[in-house]
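**Student:**
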Ligand code: F6P
């Protein structure tokens, strides 16, 4: 029923652990279904510059367990222009690509949607970002690994915080989303979790710290999402310590270490499912959609449907954390 013979695959935006497992799944399922598959290097940049080469089943051997992305990634400014997208389209014709599978976050999907509207190249997006900030899916590839990395770091900071009776402000990634903060904070036993989705004033935070210190708490960990409304971890630490000096305080910014490392079993399985679903979807006529997971079911949502949805955060985890951090 379809005329799709050659599929191009690329990773775009911030890399995420598990992207390699997704590339492997796309490449191998294309071959399983008798299709040719082409790897596009550096996301939209490679599409514009023609950095494209055929992949085989063995070109994705031994990558399921590797962090990063063998196809490299980039955030392309040129693809935001009509001229840049035209160049990309010329390469699609040159390499005879019939469809595209993009692995990335919201920017990747938005770019693909614009490209689809202009050039009508069948395309599917696989959600790959540590931020877990896409509507239409419970999880994105990389979020589980990044959150586990953050928890491991928080545990280590706890040891030193406890030894010195200190207060630590630990900043985690997530752009405008508090997902990593919420679940690493709950799992790491934070006294407070500050996220963009919920306003916590400095006064409220100090009140919480005063209450727990009176409760004989000798050290404390505050997890701060990078996009928080009250400022970054450094600013919050400064504002708190101006008014509350019970503890000596320190700041740790976890940064890009959350983006690397061996993907968890969860991310590898998710990436494998998404990769196969993307290929099967495109071969069955799905188009301009993102693969997602709801419970145990794989779903496809169109860009238009997703515009009407909001990424959901774990408000229940936040509530539980407040009960337990007394
Ligand atoms: O989207 C993933 C992410 O790691 C965000 O959490 C963070 O805000 C951003 O990318 C950092 O981007 P860059 O690697 O370009 O500095």
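Residue numbers (the numbering used here): 550 to 875. All C-beta atoms, glycine included, are put in the ideal place defined by N, C-alpha and C.
#1: Pick helix, strand or coil for residue 827, following the three-state DSSP scheme.
#2: Of the residues 562, 605, 596, 569, which one's Cα is nearest the Cα of residue 581?
#3: Since residue 838 is in the beta strand (DSSP E), which residue starts that stretch and which ends it?
#4: Do residue 691 and residue 566 count as a contact pair if the criterion is CB distance below 8 Å?
#5: Would residue 801 and residue 779 be called neighbours here (beta carbons separated by less than 8 Å)?
#6: With C-beta atoms as the reference, is residue 620 less than 8 Å away from residue 560?
#7: Report whether the distance from the Cβ of residue 724 to the nearest heavy atom of ligand 1 is below 7 Å.
#8: Check each candidate in 791, 715, 680, 682 and name the one with the smallest Cα separation from residue 769.
#9: Quick check on the DSSP output: the alpha helix (DSSP H) that includes residue 604 runs from which residue to which?
#10: Could you tell me whether the Cβ atoms of residue 883 and residue 821 are closer together than 8 Å?
#11: Please name the residue, chosen from 584, 562, 563, 558, that lies closest to residue 572 on a Cα-to-Cα basis.
#12: Buried or exposed: where does residue 719 fall if 16 or more other Cβ atoms within 10 Å of its Cβ makes it buried?
#13: Using 7 Å as the cut-off, classify the Cβ of residue 808 as near or not near the heavy atoms of ligand 1, replying yes or no.
#14: Assign residue 783 to buried or exposed, taking buried as 16 or more other Cβ atoms, counted over all protein chains shown, within 10 Å of its Cβ.
#15: Could you name the residues of the same chain whose beta carbon sits closer than 8 Å to that of residue 764, not counting the 5 residues immediately before and after it, in chain order?
#16: Pick out the complete beta strand (DSSP E) segments inside the region 717-770, 3 residues or longer, and give them in chain order.
#17: Can we count residue 747 as close to ligand 1, meaning its CB is less than 7 Å from some heavy atom?
#18: Taking all protein chains shown into account, do 16 or more other C-beta atoms lie within 10 angstroms of the C-beta of residue 635, making it buried, or fewer, making it exposed?
#19: So who's on the other strand from residue 715, going by DSSP bridges?
#20: Using the three-state DSSP reduction, which class does residue 864 fall into: helix, strand or coil?
#21: Rounded C-beta distance between residue 740 and residue 757? I'm assuming under 8 Å.
**Tutor:** From the atom records:
#1: Counting from one through the chain shown, the residue named residue 827 turns up at place 278. If DSSP states are grouped into helix, strand and coil, residue 827 belongs with the helices.
#2: As a working note, residue 581 is residue 32 in the chain shown. Ranked by Cα distance from residue 581, the first of 562, 605, 596, 569 is 605.
#3: Looking up residue 838 in the chain shown gives position 289. Annotation for residue 838: the continuous beta strand (DSSP E) segment containing it runs 838-843.
#4: Position 17 of the chain shown, counted from the first residue, corresponds to residue 566. Position 142 of the chain shown, counted from the first residue, corresponds to residue 691. Between residue 566 and residue 691, the C-beta spacing is below 8 Å.
#5: Taking the first residue of the chain shown as position 1, residue 801 is located at position 252. Taking the first residue of the chain shown as position 1, residue 779 is located at position 230. No, the Cβ-Cβ distance between residue 801 and residue 779 is not below 8 Å.
#6: To locate residue 620, count along the chain shown from 1; it is residue 71. To locate residue 560, count along the chain shown from 1; it is residue 11. Going by C-beta atoms, residue 620 is nearer than 8 Å to residue 560.
#7: Locating residue 724 in the chain shown gives position 175, counting from the first residue. Yes, ligand 1 has a heavy atom inside 7 Å of this Cβ.
#8: Translated into the one-based positions of the chain shown, residue 769 becomes position 220. Closest by alpha carbon: 715.
#9: One-based indexing of the chain shown puts residue 604 at position 55. Per DSSP, residue 604 belongs to no alpha helix (DSSP H); it is in the beta strand (DSSP E), 601-604.
#10: Shown here, the chain extends from 550 to 875; a query on residue 883 therefore has no answer.
#11: Taking the chain shown and counting its residues from 1, the one referred to as residue 572 is at position 23. If we check each option's Cα against that of residue 572, 558 comes out closest.
#12: The residue you call residue 719 lines up with position 170 of the chain shown. When all chains shown are included, residue 719 counts as buried.
#13: Looking up residue 808 in the chain shown gives position 259. Yes, since a heavy atom of ligand 1 falls inside the 7 Å radius drawn around the Cβ of residue 808.
#14: The residue you call residue 783 lines up with position 234 of the chain shown. It is exposed - the Cβ of residue 783 has fewer than 16 other Cβ atoms within 10 Å.
#15: For the purposes of this step, residue 764 is taken as residue 215 along the chain shown, with counting starting at 1. Closer than 8 Å at Cβ, skipping near neighbours: 875.
#16: 741-743
#17: For the purposes of this step, residue 747 is taken as the residue at position 198 of the chain shown. No - ligand 1 has no heavy atom lying nearer than 7 Å to the Cβ of residue 747.
#18: Along the chain shown, one-based indexing puts residue 635 at 86. Residue 635 comes out exposed.
#19: Position 166 of the chain shown, counted from the first residue, corresponds to residue 715. Answer is 797, bridged to residue 715.
#20: If you number the chain shown from 1, residue 864 lands on position 315. In the three-state reduction of the DSSP assignment, residue 864 falls in the helix class.
#21: Counting from 1 along the chain shown, the entry for residue 740 is found at position 191. Counting from 1 along the chain shown, the entry for residue 757 is found at position 208. Confirmed, about 7 Å.
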